[in-house]
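Q: Residue numbers (my numbering): 140 to 498.
Beta carbons: idealized from backbone N, C-alpha and C, even for Gly.
Being a predicted model, the structure only gives us computed values, none of them experimental.
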Amino acid sequence: MINTYTSYDLVEFGKPLEARERPMPVPRGTEVLVRVRRSGVCHSDLHIQEGFFDLGEEGKLDMGERGMKLPQALGHEILGEIIAAGPEAPDAPIGQTMLVHPWIGCMQDDCLVCMSGRENDCTRMRAIGVVRDGGYGEYVIVDHPKFLVDIEGLDLDIVTPYACSGVTVYCALKKVGVEEMNPGEWIAVMGAGGLGLNAIAIAKAMGFKKVVSCDVDPNKMQTAISMGADAILDTSREDALDELRKITGNQLLGVVDTVGIPVTARLSVHGLIKMGRYVVVGLHGGDFKMPLPWLPQKSLTVRGSYVGSCNDLRELIALVRTGKVKEIPVGSRPLSAASDTLDDLKAGKINGRVVLTTD
Numbered sequence: 140m141i142n143t144y145t146s147y148d149l150v151e152f153g154k155p156l157e158a159r160e161r162p163m164p165v166p167r168g169t170e171v172l173v174r175v176r177r178s179g180v181c182h183s184d185l186h187i188q189e190g191f192f193d194l195g196e197e198g199k200l201d202m203g204e205r206g207m208k209l210p211q212a213l214g215h216e217i218l219g220e221i222i223a224a225g226p227e228a229p230d231a232p233i234g235q236t237m238l239v240h241p242w243i244g245c246m247q248d249d250c251l252v253c254m255s256g257r258e259n260d261c262t263r264m265r266a267i268g269v270v271r272d273g274g275y276g277e278y279v280i281v282d283h284p285k286f287l288v289d290i291e292g293l294d295l296d297i298v299t300p301y302a303c304s305g306v307t308v309y310c311a312l313k314k315v316g317v318e319e320m321n322p323g324e325w326i327a328v329m330g331a332g333g334l335g336l337n338a339i340a341i342a343k344a345m346g347f348k349k350v351v352s353c354d355v356d357p358n359k360m361q362t363a364i365s366m367g368a369d370a371i372l373d374t375s376r377e378d379a380l381d382e383l384r385k386i387t388g389n390q391l392l393g394v395v396d397t398v399g400i401p402v403t404a405r406l407s408v409h410g411l412i413k414m415g416r417y418v419v420v421g422l423h424g425g426d427f428k429m430p431l432p433w434l435p436q437k438s439l440t441v442r443g444s445y446v447g448s449c450n451d452l453r454e455l456i457a458l459v460r461t462g463k464v465k466e467i468p469v470g471s472r473p474l475s476a477a478s479d480t481l482d483d484l485k486a487g488k489i490n491g492r493v494v495l496t497t498d
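1) Applying the criterion that 16 or more other CB atoms from any shown protein chain within 10 Å of the CB defines a buried residue, is ASN389 buried or exposed?
2) Would you check if the distance between the CB atom of VAL394 and the CB atom of ALA327 is smaller than 8 angstroms?
3) Could you check what DSSP says for ILE267 in three-state terms: helix, strand or coil?
4) Does TYR275 come out as helix, strand or coil in the three-state DSSP assignment?
5) On the DSSP letters alone, give me the boundaries of the beta strand (DSSP E) that ARG492 sits inside.
6) Quick one: measure Cβ to Cβ for LEU295 and VAL239, integer angstroms, because I've assumed they're closer than 8 angstroms.
7) VAL350 and LYS343 - do their beta-carbons sit closer together than 8 angstroms?
8) Taking its Cβ as the centre, do 16 or more other Cβ atoms sit within 10 Å of LEU209, making it buried, or is it exposed?
9) Output the boundary residues of the alpha helix (DSSP H) element that contains LYS313.
10) For ASP249, tell me which candidate among VAL398, ALA486, GLY330 and ARG263 has the shortest Cα-Cα distance.
11) Would you grab the beta carbon distance between ALA331 and THR362 for me? Rounded to a whole angstrom, and I think it's under 8 angstroms.
12) Checking 8 angstroms against the spacing of the C-beta atoms, do VAL104 and VAL306 come in under that value?
13) If I follow the unbroken beta strand (DSSP E) through ARG174, where does it start and stop?
14) Is DSSP giving TYR445 helix, strand or coil here?
15) Is there contact between the region 152-171 and the region 488-498, where contact requires at least three CB pairs shorter than 8 angstroms?
16) Going by DSSP, which residues form a beta bridge with ILE217?
17) Give me the Cβ distance between LEU156 and SER478, rounded to the nearest whole Å; I'm assuming they're in contact under 8 angstroms.
18) Take the Cβ of ASP282 as the centre, count every other Cβ of all protein chains shown within 10 Å, and call the residue buried at 16 or more, exposed below.
19) What's the C-alpha gap between VAL165 and GLU216?
20) Closest to ALA231 by C-alpha separation, out of MET246, PRO284, GLY190 and GLY256, would be which residue?
21) Let me know the secondary structure DSSP gives LEU431 once reduced to three states.
22) Compare the C-alpha of ILE221 against each of MET207, GLY214 and MET237 and name the closest.
23) Let me know if MET329 comes out buried or exposed under the rule of 16 or more other beta-carbons within 10 Å of its beta-carbon.
24) For a quick check, are the C-beta atoms of GLY415 and ARG384 less than 8 angstroms apart?
25) Whose CA, out of CYS449, TRP433, GLY214 and ALA457, lies closest to the CA of GLU412?
26) Which of the three DSSP states, helix, strand or coil, is assigned to ILE456?
27) In angstroms, rounded to a whole number, what distance separates the CA positions of VAL180 and GLY214?
28) So the beta strand (DSSP E) GLU160 belongs to, where does it begin and stop?
29) What's the gap between the Cα of CYS449 and the Cα of GLY470?
30) Taking 8 angstroms as the threshold (C-beta atoms), are ALA224 and ASP272 in contact?
31) Going by beta carbon distance, what residues of the same chain come within less than 8 angstroms of GLN247, once the five residues before and after it are set aside?
32) For LEU495, which of PRO162, MET345 and VAL175 has the nearest alpha-carbon?
33) Hey, could you find the ends of the alpha helix (DSSP H) ARG342 is sitting in?
34) Return the first residue and the last residue of the beta strand (DSSP E) that PRO468 is part of.
35) Can you tell me the Cβ-Cβ gap for VAL459 and ARG442, rounded? I've got them flagged as a contact below 8 angstroms.
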């Protein structure tokens, strides 16, 4: 019987991850124990590793001051085999490999959003890999079998990032609203990293007809074209706004910003037409500024979108099963390469996504 397992933990903010031996967790109540087979590497993990999010003029959101306790295993895109369950989870799918929905709320009876299936909007979130130990370890505890998603028959490497990268952009695209698009209107996706590429592939599967990918890396933008982008824009151009208007015929109705910096924000709100929708999911940071009269005069919608619910993830997996969602490039590395992979991600060396594997 295994008594310990290895995890690659954040021990000190701003420092590389460290390998540590941990006692094997025991599932209690409704909990299930998952043997991690895949764990995606997300850009959010870089911010957590650094220990803060950039709030621009408001300073920093300090992870330590917000209650994050170290050491902790990061990793919130988790796929694994269910190997044990607590006494209150008799129907847990023991032996099956499932995708984990990590965006778990407080699960309290007095929490209206959790009780309505919007656990990602809970103000007392207990997200796996963010405030609790995650998938950069060989085992992880999940609160309840209802947070497990069936992915039988799907490629394990490809499907793992849908737990964050995929469901995040899927929810943002739902907020843009494909059913409200007129023929000839465009959406723009800011950024062509893992989130941006998934946004393009999923947008096309959802029925968005015209998508422009906006980035500064020519290689990533070429990949965006293979994902279905109808046009690309180098946002480092001095005339980027004029070029965006030219590409879209000045018919840009929606933007999904997977970067979230002042440059992409300004390009978005200046490029949108009347009734335009700007949806931000990127967490790179800084300040958002725009002329306030534009909100009523242009009838703009500016909103954030934070990951997604378990129901959203199931909807996305159902869409993936139709075969309409193109697969973004996903590379695999051993779990022991977690820290080096974060370094490569920070240096911009990763095109698409990387998943860590224990197989």
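A: Per the coordinate set shown:
1) Burial is judged here by how many other beta carbons sit within 10 angstroms of a residue's own beta carbon; ASN389 has fewer than 16 and is exposed.
2) Going by C-beta atoms, VAL394 is nearer than 8 angstroms to ALA327.
3) Three-state result, ILE267: strand.
4) In the displayed model, TYR275 falls within coil according to three-state DSSP, outside both helix and strand.
5) Start and end: 492-496.
6) Between LEU295 and VAL239 a beta carbon distance of about 13 angstroms is seen, past the 8 angstroms cut, so the two are scored as non-contacting.
7) Result yes, Cβ atoms of LYS343 and VAL350 sit closer than 8 angstroms.
8) By the 10 Å Cβ count, LEU209 comes out exposed.
9) Residues 304-315.
10) Considering only alpha carbons, the answer is ARG263.
11) The C-beta distance from ALA331 to THR362 rounds to 7 angstroms, short enough to fall under 8 angstroms.
12) Residue 104 falls outside the range modelled here, since the chain spans only 140 to 498, and no answer is possible.
13) Counting along the chain, the beta strand (DSSP E) containing ARG174 begins and ends at 171-179.
14) In the structure shown, TYR445 sits in coil (DSSP, three-state: anything other than H, G, I, E or B).
15) Under the Cβ criterion (8 angstroms, minimum of three pairs), the region 152-171 does not count as touching the region 488-498.
16) According to DSSP, which records beta bridges pairwise, ILE217 is partnered with SER178 and VAL239.
17) About 4 angstroms; that satisfies the 8 angstroms criterion.
18) It is buried - the Cβ of ASP282 has at least 16 other Cβ atoms within 10 Å.
19) Roughly 21 angstroms between the two C-alpha positions.
20) Just measuring C-alpha positions, the residue of MET246, PRO284, GLY190 and GLY256 sitting nearest ALA231 is PRO284.
21) In the structure shown, LEU431 adopts coil according to DSSP, grouped into three states.
22) In terms of Cα proximity to ILE221, the closest of MET207, GLY214 and MET237 is MET237.
23) Answer is buried; the Cβ neighbour count reaches 16.
24) A distance of 8 angstroms or more separates the beta carbons of GLY415 and ARG384.
25) Note on identity: in this sequence residue 412 is Ile, with Glu being the wrong assignment. It is TRP433 whose Cα lies nearest to the Cα of ILE412.
26) Three-state result, ILE456: helix.
27) Within the model, the alpha-carbon separation for VAL180 versus GLY214 is close to 7 angstroms.
28) Element bounds for GLU160: 157-162.
29) Going by the C-alpha atoms only, they are around 25 angstroms apart.
30) No, the pair does not count as a contact, with Cβ atoms beyond the cut-off.
31) Take GLN247, set aside five residues on each side of it, and the residues of its chain with a beta-carbon closer than 8 angstroms to its own are CYS253 and ARG263, in chain order.
32) Restricting attention to PRO162, MET345 and VAL175, the CA atom closest to the CA of LEU495 is found in VAL175.
33) Arg is not the amino acid found at residue 342; the sequence shown has Ala there. For ALA342, the enclosing alpha helix (DSSP H) begins and ends at 333-345.
34) Element bounds for PRO468: n/a, residue is neither H nor E.
35) That belief does not hold up - the Cβ atoms of VAL459 and ARG442 are roughly 25 angstroms apart, past 8 angstroms.
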